[in-house]
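Inspection log for the structure reproduced underneath, given as C-alpha cells.
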Amino acid sequence: MTHKAVILGTGPAGLTAAVYLARANMEPVVIEGPEPGGQLTLTTEVENYPGFPEGIMGPQLMDDMKKQAERFGAEFKRGWVEDVDMSERPFKLKINGMDDVETDTLIISTGASAKMLGIPGEKENMGKGVSTCATCDGFFFRDKKLVVVGGGDSAMEEANFLTKFASEVQIVHRRNELRASKIMQDRAKANEKITWALNKTPVEMESDGMKISALRVKDNDSGEEEVIETDGIFVAIGHNPNTEFVKGKLDMDDKGYLLVEPGTTNTNVEGVFACGDVQDAKYRQAITAAGTGCMAAMDAERFLEGEAAIDWSHTLS
Ligand SMILES: Cc1cc2nc3c(=O)[nH]c(=O)nc-3n(C[C@H](O)[C@H](O)[C@H](O)COP(=O)(O)OP(=O)(O)OC[C@H]3O[C@@H](n4cnc5c(N)ncnc54)[C@H](O)[C@@H]3O)c2cc1C
C-alpha cells in the first residue's frame, strides 16, 4: 500500500505536520524514531510555548500533541528510518524492524541533536542544571553563577545571552584559542560578566544530589584538576542534524542541515519536505519547529492537490 504522506519524527515539527495532515484527510503515517516526543522529552518545564500561561512540562506537551494528531486519525509506528530510495515516486523507506513503507510525499522532521561532552554527571543532570539551550533555560538562572562550555560562535552567543540573567558566566574551552569569529569574541570579551577558563578540559559535572553544583576541569598543561562551582552548565559545542540517512540524496549545508527553498519547506526532491530543527540551524525552538511543521503539511497537501488537478484536466482533454 502506498501512503499519501509519511512523517519522520515526533518532535513539535512532525506532530504539528501530523495534526494538519490528519485533519486534511491525508491519513499520515508517523515514524517515531529513536526519541519519541523529540528533544522536549529531555527537559522539565517549558515556559515559552504560547498557550500555557503557567508553563507545561516538556513530555506532557509532546504527549498532548500526539493525542491531538491521533484524534484526527494519524497512525504512529515505532522504529526509525535507515534508508530512503528517492530515485522515483512513490518513495521507499527502509525502517528498522518493519516492512518497507511506500509514500507519495515525505516530511522529514528528524531534528538536530545537541553534541554532548560525554563526561560523568552530564546525562544524569540534564534538565537539573545542565542545558544545551540558553534561550530555553536562561530565565531559570536569575542571579546565578553559570558555566558555558565551548569556544565557537554559539558558545559566545549563549554566554552573552545568559549575562542578561546570571551574575557571572564563565566560558570553559579546551584550547587556548577560540574558534568563534572575531566579532563574537570581541563582544564576549567586552562583557564584564563573562570570565574565562581556557585550555581546560571538562572532566566531570558534580551535583548536590538535586542539581548541578560544580564542573571539574583539568588544565591541559599542568594536568591539575580544578573545581569550578556553578549553578548551571550550558553545553554549547554544536548540533548534529539527524540527516545521515539522506546524505548524498538531498541538498544539505556543510554541517548536514537540509536546505529548503526559502519561504517553503521544499527540498530539492519534489514531494520531499523538511521542517523543524533538521533544516534550521538558527532558531531551533519548539514553536518555530511547530510553525514549519504546519508549513510542510500544507506544502505536501498542495503538492498532491496540484498533481491531482493536472491529472484531472488531462483526463478531460
Ligand atoms: C534540554 C532541552 C530543552 C529545551 N527547551 C526548550 C524550551 O523550553 N522551549 C523551546 O521552544 N525549545 C526548547 N528546546 C528546543 C526544542 O526542543 C527543539 O527546538 C524542538 O524539539 C525541535 O523540534 P523538531 O520537531 O524539529 O525535532 P526534535 O524535537 O529533535 O524531534 C526529532 C524527532 O525525529 C525522530 N528521528 C530522528 N532520527 C530519525 C530517523 N532516522 N527516523 C525516524 N525518526 C527519527 C526522533 O525520534 C524525534 O522524534 C529544548 C531542547 C532541549 C534539548
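Residue numbers for the sequence shown follow this note's numbering, beginning at 1 and rising by one.
Here a beta-carbon is modelled for each residue, glycine too, at the ideal position from N, C-alpha and C.
Tell me whether N320 counts as near ligand 1, meaning its Cβ is closer than 7 Å to at least one heavy atom of that ligand.
Nothing in the structure corresponds to residue 320, since the chain is present only between 1 and 317.
How should F273 be labelled, buried or exposed, when 16 other C-beta atoms within 10 angstroms of its C-beta is the threshold for buried?
Taking the sequence shown and counting its residues from 1, the one referred to as residue 273 is at position 273. Buried, because 16 or more other Cβ atoms sit within 10 Å of the Cβ of F273.
Count the other CB atoms within 10 Å of the CB of D241; is the residue buried (16 or more) or exposed (fewer)?
Reading the sequence shown from its first residue, position 241 is the one you call residue 241. The amino acid at residue 241 is misidentified as Asp; the sequence shows Pro. Buried, since its Cβ has 16 or more Cβ neighbours within 10 Å.
Can we say the region 229 to 245 touches the region 145 to 159, given the rule of at least three CB pairs closer than 8 Å?
yes
Opening and closing residue of the alpha helix (DSSP H) in which K189 lies:
Within the sequence shown, numbered from 1, the residue matching residue 189 stands at position 189. K189 -> alpha helix (DSSP H) spans 182 to 189.
With DSSP as the reference, label N160 as helix, strand or coil.
Here residue 160 refers to the residue found at position 160 of the sequence shown. Note: N160 maps to helix in three-state DSSP.
Return the CA-CA distance between I119 and M210, expressed in angstroms with no decimal places.
Residue numbering aside, residue 119 sits at position 119 when the sequence shown is read from its first letter. Residue numbering aside, residue 210 sits at position 210 when the sequence shown is read from its first letter. Whole-angstrom Cα-Cα distance: 18 Å.
With three or more C-beta pairs closer than 8 Å as the rule, is the region 292 to 308 touching the region 8 to 28?
yes
Take the Cβ of T2 as the centre, count every other Cβ of all protein chains shown within 10 Å, and call the residue buried at 16 or more, exposed below.
Residue numbering aside, residue 2 sits at position 2 when the sequence shown is read from its first letter. Under this definition T2 is an exposed residue.
Spell out a yes or no on whether the region 197 to 205 and the region 160 to 175 are touching, meaning 3 or more CB-CB pairs, one atom from each, closer than 8 Å.
yes
Tell me whether I119 sits in a helix, a strand or coil according to DSSP, three-state version.
Working through the sequence shown from its first residue, we reach residue 119 at position 119. In this structure, I119 counts as coil in the three-state DSSP scheme.
Any non-hydrogen atom of ligand 1 within 7 Å of M126 CB:
The residue you call residue 126 lines up with position 126 of the sequence shown. Within the cutoff, so yes.
Closer than 7 Å: Y49 CB and nearest ligand 1 heavy atom
Here the question's residue 49 lines up with position 49 in the sequence shown. Yes, the beta carbon of Y49 sits closer than 7 Å to at least one heavy atom of ligand 1.
Whole-number beta carbon distance between I31 and V246, since they are thought to touch under 8 Å:
As a first step, residue 246 is located in the sequence shown; it is residue number 246 there, counting from the start. As a first step, residue 31 is located in the sequence shown; it is residue number 31 there, counting from the start. Between I31 and V246 the Cβ distance is about 14 Å, and since that is not below 8 Å, they are no contact.
What's the C-alpha gap between M126 and P59?
Counted from its first residue, the sequence shown places residue 126 at position 126. Counted from its first residue, the sequence shown places residue 59 at position 59. About 14 Å.
Taking the continuous beta strand (DSSP E) assigned at D63, which residues delimit it?
On the sequence shown, residue 63 is found 63 positions in, with the first residue counted as 1. Note, D63: premise wrong, no beta strand (DSSP E); alpha helix (DSSP H) at 58 to 71.
Please indicate yes or no: does the CB of S154 lie closer than 7 Å to some heavy atom of ligand 1?
Counting from one through the sequence shown, the residue named residue 154 turns up at place 154. Not so, every heavy atom of ligand 1 lies at least 7 Å from the Cβ.
Separation of V227 from G9, as counted between CA atoms
Taking the first residue of the sequence shown as 1, we reach residue 9 at position 9. Taking the first residue of the sequence shown as 1, we reach residue 227 at position 227. Answer to the nearest angstrom: the Cα atoms are 39 Å apart.
Using 8 Å as the threshold, is the C-beta distance between G37 and M62 below it?
Sequence index remark: in the sequence shown, residue 37 carries index 37 (1-based). Sequence index remark: in the sequence shown, residue 62 carries index 62 (1-based). Yes, these two residues count as a Cβ contact at 8 Å.
Could you tell me how far apart the beta carbons of T288 and D280 are, in whole angstroms, since I believe they sit closer than 8 Å?
Indexing the sequence shown from 1 puts residue 288 at position 288. Indexing the sequence shown from 1 puts residue 280 at position 280. Between D280 and T288 the Cβ distance is about 6 Å, and since that is below 8 Å, they are a contact.
For ligand 1, is there any heavy atom lying closer than 7 Å to the beta carbon of W196?
The residue you call residue 196 lines up with position 196 of the sequence shown. Answer for W196: no, Cβ out of range of ligand 1.
For the alpha helix (DSSP H) that contains T18, what are its first and last residues?
Here residue 18 corresponds to residue number 18 of the sequence shown, with the count starting at 1. Residue 18 is actually Ala in this sequence, not Thr. 12 to 23 is the extent of the alpha helix (DSSP H) around A18.
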